[in-house]
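K.L.:
Order-wise, the sequence lines are chains V and A.
First residue of the first sequence? That's 0 in numbering that gives the first Met the number 0, and the numbers climb one at a time after it.
First residue of the second sequence? That's 0 in numbering that gives the first Met the number 0, and the numbers climb one at a time after it.
Dropping a structure here in structure tokens format, bear with me for questions.
Number of protein chains: 2
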Amino acid sequence: MNKQYTMEDVAKISGVSLSTVSRVLTNSAKVSKTKKSLVLKAVKELDYNINSLASNLASNKSKEIAVIIPDITNPFFAEVFKGIDDIISADNNHYSIMLCNTNFSRSKEKKYIEHIIKKRVEGVIVVSTDLSEELVNNIKRKTSIISIETFLKGVDMVDITNELAMFEATEYLISNGHKKIAFFGWQSGVHSLNQRMEGYKNALEKHNIPLKDNYLVNCGFTQAEVYIAAVNFMESKDIPTAIIAINDNTAISIMVAFEKIGVKIPEDISLIGFDNIVISRIVSPKLTTVAQPSYYMGETAAELLINKINKNRNQRDKETEEIPKRIILPTKLIIRGSVKKIF
Amino acid sequence: MNKQYTMEDVAKISGVSLSTVSRVLTNSAKVSKTKKSLVLKAVKELDYNINSLASNLASNKSKEIAVIIPDITNPFFAEVFKGIDDIISADNNHYSIMLCNTNFSRSKEKKYIEHIIKKRVEGVIVVSTDLSEELVNNIKRKTSIISIETFLKGVDMVDITNELAMFEATEYLISNGHKKIAFFGWQSGVHSLNQRMEGYKNALEKHNIPLKDNYLVNCGFTQAEVYIAAVNFMESKDIPTAIIAINDNTAISIMVAFEKIGVKIPEDISLIGFDNIVISRIVSPKLTTVAQPSYYMGETAAELLINKINKNRNQRDKETEEIPKRIILPTKLIIRGSVKKIF
DNA sequence: GTGAAAGCGCTAACAC
DNA sequence: GTGTTAGCGCTTTCAC
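Structure (structure tokens):
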């Protein structure tokens, strides 16, 4: 690696002052054509690049935003991230993105947030991660924050109609003759997931179907956990005619398990997922599921964040505790082949 | 957002010098127990967080690494990223990761690299992206670099046995009686993909099967492109008995297309993919494919990078152009249900 | 337009 | 152990 030059070097070579170099490189003020070209020539000659470490300190802007996400390996989250990225790294903004992949680990979350605060990251987007109120307040005191699909107290949020979606999915099952419907999910405290379970419960209630504890399966979220839970579940005496999975990943793990043990979908049991990830229309049978606008959610959150950053910059220290915004985007039930009509 | 305090504030409140505060907060030297607790108390009281913008400038370390990746939405890349992340954000290192998702766009690549250099990012891992020699040299002059599955001149690399893998996959097809074998890929210039095609060609040659131009399908990499290419291909007069796809994503897009137009796999035509992404064992029929150690590749590259960073720090300016390392990890043909034995 | 100079908030000698 | 001080490489007044 070569030595890195400084603005002073550029200034010397081009015969102008340090501040003129700065002006040229940041377009922060008018500079005569002659000097400008002199500077640019020197920059080229030295292969000089401005040092953001220094400029960020001087201007007190990190030009960085963070995305906290549970698992970038989950296609739904990856899609959300892409939406965020396409806005954030658009030409006009000069932000870079620090990706914080938590693997659902509390300690990783905490560590990342420390990092975020120390780095003076200008804003953070939290995706489906139910940070503690303490952590949220901690972040809010230091930077801007938007959440996606998680309710965080006092935080602007991009959400979908989780409850309604699951309500409709459950009703769809009921309208197909199902009365024995299990729910595969897990206790996470995550808002969106709770909402989904609520939708399921409310639909049952509306149709006077009693909620059964043994139909509420806490199956974990790794493929292995779901697999085991699914196999065990089918060994019980009280087997339902349909299963709703909290998301497609879970549904697909169930499918894998069922195939192994010879349970046929939808002949033996019907199945509905949530997310409409790419795989869901490739598996056999194709999965009936709920589509959510993942990419668009990312975009929306990123736009909100940029606005918020700009606004906060102008009113630092002012006590303006506004009512948090909440943007709710629609979902759609995608009917495919994993539900059987029964009588 | 609150005002952010500085070390000086902490020093004042705790009644010690600024440097003592620094020592406590960075563990960089011994401090007496009394003063240490005084400092810690003040830190807590002010809810103080060290400003990395400043400390990074002073110590000339950005504590950041970058990952350049074509498409985080591709499960293979996501898995590689996870391997990287688990090493990089391990407890001992205090790095954060800037994710550069290029979407295969040259202009985005270039922009990200500018960012990387300006930010004085300490190291970069390039995943399956064939940067121009100019860009590579540009990076090499300013920071440390490791590549995954791409040959970049003079750059250490974590690779797999791409050519051998495809050679074996093709031979497997041949041993199942196939002589008419098409290859779905695209001209990318990316090393790993070229290698794969070479493996295909070499296997044909070894078995005296002439290479046919119309069997070399340049199908693009988006799902839509592959879909169209697959449909068009099946309308031609010279249809093969088997197809090798350059990766699983492509193979699966082909499957989707074939299902639509009623072509049965493997009855009508056999198919082999590459990557062994999660979906490949869920689709129907299960896809015969080549497994590569994606997570482990990420880990390996990250470890190499950390070592390189530490080494480079100690020998900046020294002209030590070593022979680039190349770590080659093994692949494995995973035989499932998408290939039919013919006679 | 342009340059000089005073920071930004730290780290890292250096002296004690 | 501890404090003083000189940077790190920029941005941003301020004066001309």
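Yeah, the Cβ is synthetic: ideal placement off N, Cα and C, and Gly gets one too.
This structure is a prediction, so every number in the text was calculated from the model and none was measured.
Roughly how far, in whole angstroms, is the beta-carbon of ILE264 of chain V from the beta-carbon of MET254 of chain V, given that I think they are within contact range, below 8 Å?
P.N.:
What you label residue 264 of chain V is simply residue 265 of the first sequence in a count that begins at 1. What you label residue 254 of chain V is simply residue 255 of the first sequence in a count that begins at 1. The pair is a contact, with the Cβ atoms about 6 Å apart (cut-off 8 Å).
K.L.:
Are any of the Cβ atoms in chain V nearer than 7 Å to that of ASN100 of chain A?
P.N.:
For the purposes of this step, residue 100 of chain A is identified with residue 101 of the second sequence, where counting begins at 1. So yes, ASN100 of chain A belongs to the interface.
K.L.:
Report the partner residues of CYS99 of chain A according to the DSSP bridge assignment.
P.N.:
By 1-based counting over the second sequence, the position of residue 99 of chain A is 100. Paired residues: A:ILE67.
K.L.:
Reducing DSSP to helix, strand and coil, say where LEU215 of chain A ends up.
P.N.:
As a working mapping, residue 215 of chain A is identified with position 216 in the second sequence. Three-state DSSP puts LEU215 of chain A in a strand.
K.L.:
Just the chain V side, please: which residues come within less than 9 Å of VAL255 of chain A by C-beta, in chain order?
P.N.:
The residue labelled residue 255 of chain A in the question sits at position 256 within the second sequence. Here the neighbours are ARG280 and ILE281.
K.L.:
Would ILE245 of chain V pass as a contact of LEU192 of chain V if the rule is Cβ separation under 7 Å?
P.N.:
Taking the first residue of the first sequence as position 1, residue 245 of chain V is located at position 246. Taking the first residue of the first sequence as position 1, residue 192 of chain V is located at position 193. Their beta carbons are under 7 Å apart, which means ILE245 of chain V touches LEU192 of chain V by this criterion.
K.L.:
Count Cβ pairs between the stretch 288-297 of chain V and the stretch 76-84 of chain V that sit closer than 8 Å; are there 3 or more?
P.N.:
Flag = yes, the stretch 288-297 of chain V and the stretch 76-84 of chain V touch.
K.L.:
If you follow the beta strand (DSSP E) that GLY184 of chain V is in, where does it begin and where does it stop?
P.N.:
Looking up residue 184 of chain V in the first sequence gives position 185. First-last of the beta strand (DSSP E) with GLY184 of chain V: 180-184.
K.L.:
Run down chain V in chain order and give the residues with a C-beta less than 7 Å from the C-beta of LEU56 of chain A.
P.N.:
Here residue 56 of chain A refers to the residue found at position 57 when the second sequence is read from its first residue. Going along chain V in sequence order, the residues near LEU56 of chain A (Cβ under 7 Å) are LEU52, ALA53 and LEU56.
K.L.:
From the beta carbon of HIS190 of chain V, is the nearest beta carbon of chain A less than 7 Å away?
P.N.:
If you number the first sequence from 1, residue 190 of chain V lands on position 191. With 7 Å as the cut-off, HIS190 of chain V does not count as an interface residue toward chain A.
K.L.:
Verify whether the separation of the beta carbon atoms of LEU24 of chain V and LEU56 of chain A is less than 7 Å.
P.N.:
Numbered from 1 along the first sequence, position 25 holds the residue referred to as residue 24 of chain V. Numbered from 1 along the second sequence, position 57 holds the residue referred to as residue 56 of chain A. It is not a contact, given that the beta carbons lie outside the stated cut-off.
K.L.:
Within the same chain, show all residues whose beta-carbon is closer than 6 Å to that of THR249 of chain A, passing over the 5 residues directly before and after it, in chain order.
P.N.:
Position 250 of the second sequence, counting from 1, holds the residue named residue 249 of chain A. Excluding residues within five positions, the ones whose Cβ falls inside 6 Å are PHE183 and VAL225.
K.L.:
Using DSSP bridges, identify the partner residues of THR160 of chain V.
P.N.:
Taking the first sequence and counting its residues from 1, one reaches residue 160 of chain V at position 161. The partner list for THR160 of chain V (beta bridge, DSSP) is empty, contrary to what the question assumes.
K.L.:
Beta-carbon within less than 6 Å of THR5 of chain A's beta-carbon, same chain only, minus the 5 sequence neighbours each way: which residues are those?
P.N.:
For the purposes of this step, residue 5 of chain A is identified with residue 6 of the second sequence, where counting begins at 1. Cβ within range, chain order: n/a, list empty.
K.L.:
Using only CA atoms, which one of V:SER54, V:SER283, V:ALA241 and V:PHE166 lies nearest to ILE251 of chain V?
P.N.:
Within the first sequence, the letter at position 252 stands for residue 251 of chain V. Of the candidates V:SER54, V:SER283, V:ALA241 and V:PHE166, the one whose C-alpha sits nearest the C-alpha of ILE251 of chain V is V:SER283.
K.L.:
Taking C-alpha atoms, which residue in A:ALA168, A:ASP247, A:LYS179 and A:GLY188 lies nearest to TYR214 of chain A?
P.N.:
The residue labelled residue 214 of chain A in the question sits at position 215 within the second sequence. The candidate whose alpha carbon is nearest that of TYR214 of chain A is A:LYS179.
K.L.:
Roughly how many whole angstroms lie between the Cα atoms of ASP212 of chain V and GLN194 of chain V?
P.N.:
The count along the first sequence starts at 1 and reaches residue 212 of chain V at position 213. The count along the first sequence starts at 1 and reaches residue 194 of chain V at position 195. C-alpha separation (whole angstroms): 18 Å.
K.L.:
Just how far apart, CA to CA, sit LEU325 of chain V and ASP158 of chain V?
P.N.:
The residue labelled residue 325 of chain V in the question sits at position 326 within the first sequence. The residue labelled residue 158 of chain V in the question sits at position 159 within the first sequence. In the sequence as displayed, the identity of residue 325 of chain V is Arg instead of Leu. Distance between the alpha carbons of ARG325 of chain V and ASP158 of chain V: 7 Å.
K.L.:
Among residues of its own chain, excluding the 5 on either side of ILE138 of chain A, which ones have a beta-carbon nearer than 8 Å to its beta-carbon?
P.N.:
Along the second sequence, one-based indexing puts residue 138 of chain A at 139. These residues qualify, in order along the chain: ILE112, ILE115, ILE116, VAL123, LEU130 and ILE144.
K.L.:
Looking at chain V, is there any beta carbon in it that lies within less than 7 Å of the beta carbon of ALA77 of chain A?
P.N.:
Mapped onto the second sequence, residue 77 of chain A falls at position 78. Yes, because at least one Cβ of chain V sits closer than 7 Å to the Cβ of ALA77 of chain A.
K.L.:
Quick one: Cα of LYS310 of chain A to Cα of ILE322 of chain V, how far?
P.N.:
Residue numbering aside, residue 310 of chain A sits at position 311 when the second sequence is read from its first letter. Residue numbering aside, residue 322 of chain V sits at position 323 when the first sequence is read from its first letter. Approximately 51 Å between the Cα atoms of the pair.
K.L.:
Using a Cβ cut-off of 9 Å, which residues of the stretch 132-145 of chain A contact any Cβ in chain V, in chain order?
P.N.:
If the cut-off is 9 Å between Cβ atoms, the stretch 132-145 of chain A has ASN137, LYS139, ARG140, LYS141, THR142 and SER143 near chain V.
K.L.:
Could you work out which residues of chain A lie near MET97 of chain V, taking near to mean beta carbons separated by less than 7 Å?
P.N.:
Taking the first residue of the first sequence as 1, we reach residue 97 of chain V at position 98. The contacting residues are SER95, ILE96 and MET97.
K.L.:
Kindly indicate the opening and closing residues of the alpha helix (DSSP H) around ALA41 of chain V.
P.N.:
Position 42 of the first sequence holds residue 41 of chain V. Start and end: 32-45.
K.L.:
Taking the beta carbon of ARG119 of chain V as the centre, do at least 16 other beta carbons fall within 10 Å, making it buried, or is it exposed?
P.N.:
The count along the first sequence starts at 1 and reaches residue 119 of chain V at position 120. Label assigned to ARG119 of chain V: buried.
K.L.:
Do you know how far the Cα of VAL216 of chain V is from the Cα of THR169 of chain V?
P.N.:
Position 170 of the first sequence holds residue 169 of chain V. Position 217 of the first sequence holds residue 216 of chain V. Going from the Cα of THR169 of chain V to the Cα of VAL216 of chain V covers about 16 Å.
K.L.:
Give the secondary structure of ILE327 of chain V by DSSP, where H, G and I count as helix, E and B as strand, and everything else as coil.
P.N.:
The count along the first sequence starts at 1 and reaches residue 327 of chain V at position 328. If DSSP states are grouped into helix, strand and coil, ILE327 of chain V belongs with the strands.
K.L.:
Could you check if SER27 of chain A is buried or exposed, using at least 16 other CB atoms within 10 Å of its CB as the buried criterion?
P.N.:
Locating residue 27 of chain A in the second sequence gives position 28, where the first residue counts as 1. When all chains shown are included, SER27 of chain A counts as exposed.
K.L.:
So the candidates are A:ASN102, A:LYS62 and A:ASP85; which of them puts its Cα closest to the Cα of ILE71 of chain A?
P.N.:
Within the second sequence, numbered from 1, the residue matching residue 71 of chain A stands at position 72. Nearest C-alpha to ILE71 of chain A: A:ASN102.
K.L.:
Check for me: the beta strand (DSSP E) holding VAL123 of chain V runs from which residue to which?
P.N.:
The sequence position of residue 123 of chain V within the first sequence is 124, counting from 1. Note, VAL123 of chain V: beta strand (DSSP E), 122-126.
K.L.:
Between SER13 of chain A and ALA41 of chain A, is the Cβ-Cβ spacing less than 7 Å?
P.N.:
In the second sequence, counting from the first residue as 1, residue 13 of chain A sits at position 14. In the second sequence, counting from the first residue as 1, residue 41 of chain A sits at position 42. Yes, they are a contact pair.
K.L.:
Between ASP247 of chain A and the rest of its own chain, which residues show a CB-CB distance below 8 Å, the 5 nearest in sequence each way excluded?
P.N.:
Translated into the one-based positions of the second sequence, residue 247 of chain A becomes position 248. Excluding positions up to five away in sequence, the list reads PHE75, GLY272, PHE273, ASP274, ASN275, ILE276, ILE278, SER279, LEU286 and THR288.
K.L.:
Is it true that the CB of LEU303 of chain V sits closer than 7 Å to the CB of ASP155 of chain V?
P.N.:
Locating residue 155 of chain V in the first sequence gives position 156, where the first residue counts as 1. Locating residue 303 of chain V in the first sequence gives position 304, where the first residue counts as 1. Yes, Cβ-Cβ distance for ASP155 of chain V and LEU303 of chain V is below 7 Å.
K.L.:
What residues from chain A crowd round VAL81 of chain V, counting only those whose CB sits closer than 9 Å?
P.N.:
As a first step, residue 81 of chain V is located in the first sequence; it is residue number 82 there, counting from the start. Checking the sequence, you will find Lys at residue 81 of chain V rather than Val. By Cβ distance, chain A contributes ASP70, ILE71, THR72, ASN100 and ASN102.
K.L.:
Taking the Cβ atom as the reference point for each residue, do PHE150 of chain A and HIS177 of chain A lie within a distance shorter than 7 Å?
P.N.:
As a working mapping, residue 150 of chain A is identified with position 151 in the second sequence. As a working mapping, residue 177 of chain A is identified with position 178 in the second sequence. Against a cut-off of 7 Å, the Cβ pair of HIS177 of chain A and PHE150 of chain A comes out as no contact.
K.L.:
Any Cβ of chain V within less than 7 Å of the Cβ of ASN48 of chain A?
P.N.:
Counted from its first residue, the second sequence places residue 48 of chain A at position 49. Chain V contact via Cβ: present.
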